[in-house]
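Just below is one structure, and these are the notes that go with it.
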């Protein structure tokens with residue numbers, strides 16, 4: 001969020017209340033992430049763009065060394 005990446009709005013500042021940081025995580029990293037918890041799954045229902053495999057809220061991804069090289073695609077819109 002603080003990185004000011006174009007296309008990731010993050011209106012709520014990472015508080016898990018807006019779904020405007022929706023991203024599509026590419027493999028192999030999508031499989032390495034823990035599944036979204038109930039709160040994240042609930043917010044994914046409100047994304048502006050359709051969810052698909054690898055859909056995550058970027059504010060909920062804990063970056064680790066294992067995710068080095070993580071690549072995401074951005075949906076066409078966040079609102």
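Residue numbers (full-length UniProt numbering): 1 to 79.
Ideal Cβ placement from N, Cα and C applies to all residues, glycine included.
- Residue state for residue 73 is assigned as strand, using DSSP reduced to three classes.
- Taking a contact as a CB-CB distance under 8 Å, the pair residue 16 and residue 60 counts as one, their CB atoms being some 7 Å apart.
- Taken through DSSP and simplified to helix, strand or coil, residue 26 comes out as coil.
- CA-CA distance, residue 24 to residue 33, rounds to 12 Å.
- Counting other Cβ atoms within 10 Å of its Cβ, residue 79 stays below 16 and is therefore classed as exposed.
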